[in-house]
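J.: Chains as they are written, first to last, in the working numbering: chain V, 1 to 407; chain Z, 1 to 407.
Glycine is no exception: its CB is placed at the ideal position from the N, C-alpha and C atoms.
Dropping a structure here in structure tokens format, bear with me for questions.
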């Protein structure tokens, strides 16, 4: 009878088998995500929330328990009969390595499923030369992979620039001189682990979305303001990357015709005006032109300007307002284009504090249709300086376990 | 036995019935859309493309034929056995009324399922007073509904401003003085037909996407440049409207600090600089300041400036380039933010032709990350002046028949 079937419907049988496996995997992901997001839940709760039958849920939960991805955790309240056994995803069931390649440092973290950091490591980025930077990155990854005490989902890397996440190729990292670098493939060959490479601001958006509590919204813009400026955009609960993974490259929007030249080849890019570099360059110019200030030329750092700004230094106030206005205008443009209410500002420039953010808000409001601008909120992020590492790790939680909806 | 079931599982039975109806409706839409997009197809083709069984497809096709939404149209090529009967959606199976409320006119069309216009009507917008404008709109709708010779899917209205498509309320049409106007509800009560109200640029994007042949892309930006400026954004094959249906309100992006005041309450909005109004105001200023030109002050219209520009008039060239640069910069900003390759420019300013568009392209390229800007194409739309009517009609083809993926 088997042979008869084989002759008649071999392909059909294979297809059926593939379909069954796909269904099983889909169900596993659905059940795991439901428990992850809403735990503690009983098997009956999971059945109710997913629409799967009790039998299917029981089978899937057994598998997840065997994989260590679900555990039983005491009894829930009885609704008349026997008290139900509650389920949850063990916080440390899996770990992920998240790496942040910054302009000056490479930082990495071993992250658990709730965004808690279990290990850390970092190293200075000794050279902007591509190969030296990669060697440093590989050494750091080796250390973190070696240090991990739980099964690893994989490695997520957030780096500045234009990155093709599907292929893991860094197309162009303007500030790192990386071009067409197959970073994902190299790390995969080295470690044998799943790898996701993503733009740093896009990673940050994934982190704020996944671990930063977004309260029911389905869209969010995360603007990262440091030496570079970039945005990560969440639409419909997913990371939006655009046609070529370049969505959110707002740092190279032209904001000033006579602005400083940028490494990208254009002039007056937002990040040359409103980022740390723009802030310090402008302060230097004003000092040189004789504007009085408590700041000395030799000590011009973001921290020094932030301190002087808090002390109501006039020069500091002027440069801080100027950067805030350029940034606010760009945010107004983005609000007018995308109509997203929840706008999150993160990155080193956040050190300038609430006064700077208030100026950004004011200018954003003047730069878009009032009815749209009124409804948007511009706030600081809820995660700390590890936001890129966390977001890069969250990408693996998506690709490997389906815990966060995929792009 | 029925009673026994009823007692035990009344709700379950109802749910099952609702689920069956939903499945049936989903299957009908899937089959109809498949035939619409890929016809002529045989029943076997439909089964293969949809993954539905032959029996299900046959049942659904019978229903669609009875509804007049599908017809048999000759025989396809035989693949050995009997030649299969081919199916298609009759072009005029349903009609839709599409209406475009412009700043100066209301235009309407009866549109078939392939975007062909069967009837037209239009009327001047005699007053910007809300009630007078609505009365004119209602009269036009009555005429078109009366003139329709096929079953109508409903009425789609594209109007300028911030419109909540879900509720059919015009939140704020800056140039029409409409505020919180429940247009959808009024038209529904008057006609008894399904109504969709949408921003005019969003409607135009739906039209270019549905009827303009987009060749496999999944995203598109349609920029409408006339007295007002607005964009419609297609993402993932669907109209993207944002948190408050305001996506694409780029006309009120601030582009010039010292720019003209805008009816929205801000200054220097893109549409006051780069739209028809900005073009003519700038030409008037230059003439008044003594710049020589073949243009006379009394005859300043878009057509006159376009003509003078073609004749290489210096003043015309200057104002055309200035508007192109403001527009190009905004497009660069949008490209940098969204990373969408296919950018379509439509609207009255298209009369300025290829020279203007080339200047828009140049400036857009200078205003975004080169690697992103290089890949985007900026082109004129493929549909004529009826683009808003067509897009408003396409919305009904989505909501009523599922022929185009919904937002």
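Using a Cβ-Cβ distance cut-off of 8 Å, determine whether residue 243(Z) contacts chain V.
T.: Yes, residue 243(Z) lies at the interface with chain V (some Cβ there is under 8 Å from its Cβ).
J.: How should residue 212(Z) be labelled, buried or exposed, when 16 other C-beta atoms within 10 angstroms of its C-beta is the threshold for buried?
T.: With 16 or more Cβ atoms within 10 Å of its Cβ, residue 212(Z) is classed as buried.
J.: Taking 7 Å as the cut-off, is the C-beta of residue 76(Z) nearer than that to any heavy atom in the ligand SAM?
T.: Of ligands this structure carries none, so the ligand SAM is not represented either.
J.: Does the region 324–339 of chain Z come within contact of the region 203–210 of chain Z, defined as at least 3 CB pairs closer than 8 Å?
T.: Judged by Cβ distances under 8 Å, the region 324–339 of chain Z makes no contact with the region 203–210 of chain Z, as fewer than three pairs qualify.
J.: Who are residue 95(V)'s beta bridge partners in DSSP?
T.: Residue 95(V) is bridged to 152(V).
J.: Leaving aside the five residues before and after residue 9(V) along the sequence, list all residues of the same chain whose C-beta is less than 7 Å from its C-beta, in chain order.
T.: For residue 9(V), the predicted model reports a pLDDT of 46, less than 50, meaning its position is unreliable and no value from the coordinates is stated.
J.: Assuming residue 305(V) and residue 283(V) form a contact by the criterion Cβ under 8 Å, report the distance between their Cβ atoms to the nearest whole angstrom.
T.: The pair is a contact, with the Cβ atoms about 6 Å apart (cut-off 8 Å).
J.: What residues in the region 321–353 of chain V have a beta carbon less than 7 Å from any beta carbon of chain Z?
T.: Those would be 329, 332, 333, 334, 336, 337, 338, 339, 340, 341, in chain order.
J.: Does the CB of residue 133(V) have a neighbour CB from chain Z at under 8 Å?
T.: Answer no: the Cβ-Cβ gap between residue 133(V) and chain Z never drops below 8 Å.
J.: Closer than 6 Å by C-beta to residue 36(Z): which residues in its own chain qualify, once you throw out the five before and the five after it? Chain order, please.
T.: Within the same chain, residue 36(Z) has close Cβ partners 89, 403.
J.: Shorter than 8 Å from the beta carbon of residue 213(V) to some beta carbon of chain Z?
T.: So no, residue 213(V) is outside the interface.
J.: For residue 171(Z), count the other beta carbons within 10 Å of its own beta carbon; 16 or more makes it buried, fewer makes it exposed. Which is it?
T.: So residue 171(Z) ends up on the buried side.
J.: Kindly provide the ranges of any beta strand (DSSP E) runs that are 3 or more residues long and lie completely inside the region 136–220 of chain Z, ordered along the chain.
T.: As far as the region 136–220 of chain Z is concerned, its whole beta strand (DSSP E) runs of at least 3 residues are 152–159, 162–164, 169–173, 178–181, 195–199.
J.: Suppose you measure from the CA of residue 58(Z) to the CA of residue 78(Z); what does that come to, to the nearest Å?
T.: Between residue 58(Z) and residue 78(Z), the C-alpha separation is close to 19 Å.
J.: Residue 370(Z) by DSSP, collapsed to three states: which one?
T.: Residue state, collapsed to three classes: helix.
J.: Going by DSSP in three states, residue 386(Z) sits in which element: helix, strand or coil?
T.: Residue 386(Z) falls in the coil class under three-state DSSP.
J.: In whole angstroms, what is the alpha-carbon distance linking residue 105(V) and residue 176(V)?
T.: Roughly 11 Å between the two C-alpha positions.
J.: Is there at least one Cβ from chain V nearer than 8 Å to residue 385(Z)'s Cβ?
T.: Closer than 8 Å: no.
J.: In or out: residue 20(V) buried (at least 16 other Cβ within 10 Å) or exposed?
T.: Exposed.
J.: Is there a Cβ of chain Z sitting closer than 8 Å to that of residue 266(V), yes or no?
T.: At least one chain Z Cβ lies under 8 Å of residue 266(V).
J.: Would you kindly report the start and end of the unbroken beta strand (DSSP E) that includes residue 337(V)?
T.: First-last for residue 337(V): 314–338, but that is the alpha helix (DSSP H), not the beta strand (DSSP E).
J.: Would residue 321(Z) and residue 226(Z) be called neighbours here (beta carbons separated by less than 8 Å)?
T.: Not closer than 8 Å, so no.
J.: Would you mind reading off the limits of the alpha helix (DSSP H) that contains residue 62(Z)?
T.: Segment 54–66, the alpha helix (DSSP H) holding residue 62(Z).
J.: Spell out the partners DSSP gives residue 21(V) in its beta bridges.
T.: According to DSSP, residue 21(V) bridges with nothing at all.
J.: Between the region 364–384 of chain Z and chain A, which residues of the former have CB atoms less than 7 Å from a CB of the latter, in chain order?
T.: Within the model displayed, chain A is absent; protein chains V and Z are what it includes.
J.: For a contact defined as C-beta to C-beta under 7 Å, what are the partners of residue 254(Z) on chain V?
T.: The contacting residues are 329, 332, 366, 367.
J.: Between the C-alpha atoms of residue 307(V) and residue 204(V), what's the straight-line distance to the nearest angstrom?
T.: Spanning the two alpha carbons is a distance of roughly 26 Å.
J.: I'd like to know if the region 363–373 of chain Z and the region 132–146 of chain Z are in contact, where contact means that at least 3 CB-CB pairs between them fall below 8 Å.
T.: Segments in contact, no.
J.: Within the same chain, show all residues whose beta-carbon is closer than 8 Å to that of residue 266(Z), passing over the 5 residues directly before and after it, in chain order.
T.: Result list for residue 266(Z): 252, 254, in chain order.
J.: In whole angstroms, what separates the C-alpha of residue 188(Z) from that of residue 53(V)?
T.: Approximately 42 Å between the Cα atoms of the pair.
J.: Check the C-beta distance from residue 85(Z) over to residue 75(Z) and give it rounded, since I have them as a contact under 8 Å.
T.: 6 Å between Cβ atoms; contact.
J.: Anyone know if the C-beta pair for residue 152(Z) and residue 193(Z) falls short of 8 Å?
T.: Cβ atoms of residue 152(Z) and residue 193(Z): closer than 8 Å.
J.: With residue 280(V) as the anchor, note down where its alpha helix (DSSP H) starts and where it stops.
T.: It spans 276–288 - the alpha helix (DSSP H) in which residue 280(V) sits, taken as one unbroken run.
J.: Rounded to whole angstroms, what is the Cα-Cα separation between residue 161(V) and residue 174(V)?
T.: Taking the straight line from one Cα to the other gives about 6 Å.
J.: Using a Cβ-Cβ cutoff of less than 7 Å, which residues in the same chain neighbour residue 246(V) once the five nearest sequence positions on both sides are dropped?
T.: If we look at residue 246(V) and ignore the five residues flanking it on each side, its Cβ neighbours are 162.
J.: Among 167(Z), 109(Z), 198(Z), which one has its Cα closest to the Cα of residue 149(Z)?
T.: The shortest C-alpha separation from residue 149(Z) is found at 109(Z).
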